[in-house]
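A quick write-up on the structure given underneath.
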Amino acid sequence: MKLSKIPLLGRIVIAIILGIILGQFVPMWFARIFATFNDLFGNFLSFIIPLIIVGLVAPAIGELGKGAGKLLLITTVIAYASTLFSGFFTYFSCQAVFPHIITGGINAEAVQSIEEGAVKTFFSVGMPPVMDVMSALIFSFCIGIGLSLIKGDTLQKAFADFRDIITMIIRSVIIPLLPIYIFGMFLSISITGQVYSVIMLFLKVISVIFVLHILLLLIQYVVAGAISRRNSLKALKTMFPAYVTALGTSSSAATIPVTLQCALNNKINPSIASFTIPLCATIHLAGSAMKIVGFSLAIMYFFGMAIDFATFFGFIFMIGITMVAAPGVPGGAIMAAIGIIQSMLGFNEQMIGLMITVYIAVDSFGTACNVTGDGAIAIIMDKISGKNVKVEASE
Numbered sequence: 013m014k015l016s017k018i019p020l021l022g023r024i025v026i027a028i029i030l031g032i033i034l035g036q037f038v039p040m041w042f043a044r045i046f047a048t049f050n051d052l053f054g055n056f057l058s059f060i061i062p063l064i065i066v067g068l069v070a071p072a073i074g075e076l077g078k079g080a081g082k083l084l085l086i087t088t089v090i091a092y093a094s095t096l097f098s099g100f101f102t103y104f105s106c107q108a109v110f111p112h113i114i115t116g117g118i119n120a121e122a123v124q125s126i127e128e129g130a131v132k133t134f135f136s137v138g139m140p141p142v143m144d145v146m147s148a149l150i151f152s153f154c155i156g157i158g159l160s161l162i163k164g165d166t167l168q169k170a171f172a173d174f175r176d177i178i179t180m181i182i183r184s185v186i187i188p189l190l191p192i193y194i195f196g197m198f199l200s201i202s203i204t205g206q207v208y209s210v211i212m213l214f215l216k217v218i219s220v221i222f223v224l225h226i227l228l229l230l231i232q233y234v235v236a237g238a239i240s241r242r243n244s245l246k247a248l249k250t251m252f253p254a255y256v257t258a259l260g261t262s263s264s265a266a267t268i269p270v271t272l273q274c275a276l277n278n279k280i281n282p283s284i285a286s287f288t289i290p291l292c293a294t295i296h297l298a299g300s301a302m303k304i305v306g307f308s309l310a311i312m313y314f315f316g317m318a319i320d321f322a323t324f325f326g327f328i329f330m331i332g333i334t335m336v337a338a339p340g341v342p343g344g345a346i347m348a349a350i351g352i353i354q355s356m357l358g359f360n361e362q363m364i365g366l367m368i369t370v371y372i373a374v375d376s377f378g379t380a381c382n383v384t385g386d387g388a389i390a391i392i393m394d395k396i397s398g399k400n401v402k403v404e405a406s407e
């Protein structure tokens with residue numbers, strides 16, 4: 013089997029296993045090769061992150077403003093509110109659980125060596141970004157809002173082309189190289205002797221997030237059922253084929269046909285379903301927001317960082333906006349969020365590497381949570397808009 017035929021998660025798992033095993037006996041010069049690669053790749057990420065923000069956020073805001081009017085606005089507000097609820101629900105739940113499960117067994121000096129990089133590089137090439145992350149965000153908001161207000165579409169098309177370039181870089185460069193980056197990171201961690209602590213962190217956090225994402229779906233459908241006066245559990249059960257499909261595809265976009273059919277099986281007006289489901293596949297990423305918030309907290313506990321609610325309050329609001337612009341590729345949401353994580357939480361390259369690894373390890377579960385939650389929003393929109401509403405497709 014060709015390596016390119018192996019799913020991304022499979023390549024990540026192989027990279028982790030090889031990094032753990034080879035780190036026990038490879039010579040230092042071998043480890044330094046991958047430390048050098050990781051340094052170059054990390055510098056490239058630092059360079060490209062502001063461009064990712066501009067390329068994804070600006071055209072996304074512009075397109076939302078040119079959409080199907082009132083119904084689009086209501087759907088977007090509900091999707092954003094759902095994402096915010098997911099973020100705060102995850103924050104408070106993890107704050108209650110993590111202090112009890114992420115304790116002891118972590119050598120502070122070894123953790124510092126992981127953070128700083130235990131293996132030295134052969135050389136380093138500086139790649140300063142063209143702007144910092146916050147400047148990129150403010151620029152994107154200004155351009156996006158402007159695009160939504162002006163009559164012409166020349167600049168909108170230019171930014172759409174720029175988004176295609178950024179998406180191509182993510183899909184063709186960053187994502188394929190991630191397994192090598194993660195291999196080098198776990199090779200370095202294995203050399204420090206702290207790989208057991210990291211693996212146990214992964215297992216504990218993934219277990220907590222899995223339980224939370226089931227609870228989130230139950231809450232979403234209880235709310236949708238209460239608003240629409242439908243049987244919540246029956247509606248959730250009807251969406252199960254979409255959930256399973258998303259587990260296999262790890263793509264909200266690829267799951268749209270199944271999600272749409274499930275929504276129709278829930279007796280949602282076809283016009284509402286055909287508008288809401290594709291839109292929410294792009295703008296409603298409550299499951300992804302849950303993983304980002306939960307994994308960020310876990311890594312901050314692991315590295316002994318101070319956790320401030322005021323910081324996370326703003327972080328969750330920004331993640332909600334960033335999720336609207338996440339590209340529809342495996343790992344796209346975490347790629348779009350890296351800039352926010354670095355600028356607002358202070359993550360360094362090693363922390364980002366761990367964040368990407370644990371995120372992709374359960375990427376399909378987050379996607380499944382996203383698309384299943386889309387069905388709940390469709391139920392709410394069906395009730396809000398009435399039975400005989402006609403919806404024009406947004407451009």
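One rule links them: number in this note's numbering = place in the sequence shown (from 1) + 12. Ideal Cβ positions, reconstructed from N, Cα and C, are used throughout, including at glycine.
What are the boundary residues of the alpha helix (DSSP H) that includes residue i?
i	result
N382	D375 to S397
N277	I268 to N277
D12	Because the chain is modelled from 13 through 407, residue 12 falls outside the range shown and cannot be assessed.
L199	I187 to T204
M212	V207 to S240
G156	V145 to L161
P290	P282 to I295
A247	S244 to T250
Here's the rule: buried if 16 or more other CB atoms are within 10 angstroms of the residue's CB, otherwise exposed. What is residue i?
i	result
N243	exposed
L291	buried
Q232	buried
L84	buried
N119	Only weak support is given to the placement of N119: the predicted model assigns it a pLDDT of 49, under 50, and the value that follows is read from those uncertain coordinates. Answer is exposed; the Cβ neighbour count stays below 16.
K303	buried
I157	exposed
V89	exposed
M363	buried
C106	buried
A93	exposed
L190	buried
S240	buried
A170	exposed
A148	buried
L161	exposed
K402	The predicted model places K402 with a pLDDT of 45, which falls under 50 and marks its position as unreliable, so this point remains unresolved.
T87	buried
Just to confirm, is the Cβ distance from residue i to residue j under 7 Å?
i	j	result
A301	G22	no
F195	A27	yes
A285	T384	no
F135	R44	no
F53	Y193	yes
S262	S376	yes
A293	A265	yes
T267	T257	yes
A388	A275	no
V374	Y103	no
F198	I24	no
G332	T95	yes
G299	G378	yes
M139	N55	yes
A108	I295	no
M347	I182	yes
A172	I289	no
M356	F325	no
In chain order, what are the residue ranges of uninterrupted alpha helix (DSSP H) at least 4 long that sit wholly in the stretch 302–364?
Positions of the alpha helix (DSSP H) runs, each at least 4 residues long and wholly inside the stretch 302–364, are given as 321–336 and 344–357 in order along the chain.
Three or more C-beta pairs under 8 Å: does that hold for the stretch 303–315 against the stretch 208–217?
The stretch 303–315 is in contact with the stretch 208–217.
Count Cβ pairs between the stretch 351–369 and the stretch 265–284 that sit closer than 8 Å; are there 3 or more?
Between the stretch 351–369 and the stretch 265–284, the count of Cβ pairs shorter than 8 Å is below three; the stretches do not touch.
Is it true that the stretch 325–338 meets the stretch 59–73, where meeting means three or more beta-carbon pairs spaced less than 8 Å apart?
Contact between the stretch 325–338 and the stretch 59–73 is present: 3 or more CB-CB pairs across the two stretches fall below 8 Å.
Specify whether the stretch 221–228 and the stretch 314–321 touch according to this definition: at least 3 beta carbon pairs, one from each stretch, less than 8 Å apart.
No, because fewer than three Cβ pairs between the stretch 221–228 and the stretch 314–321 fall closer than 8 Å, the two stretches do not touch.
Within the chosen definition, does the stretch 265–280 reach the stretch 373–389 through at least 3 CB pairs nearer than 8 Å?
Two segments are said to touch when three or more pairs of C-beta atoms, one from each, lie closer than 8 Å; by this definition the stretch 265–280 touches the stretch 373–389.
Pairs of beta-carbons, one from the stretch 347–356 and one from the stretch 55–71, closer than 8 Å: are there three or more?
The answer is yes - the stretch 55–71 touches the stretch 347–356, with three or more Cβ pairs under 8 Å.
What are the complete alpha helix (DSSP H) segments, minimum 4 residues, inside the stretch 37–125?
Fully enclosed alpha helix (DSSP H) runs of 4 or longer: 40–77 and 81–113.
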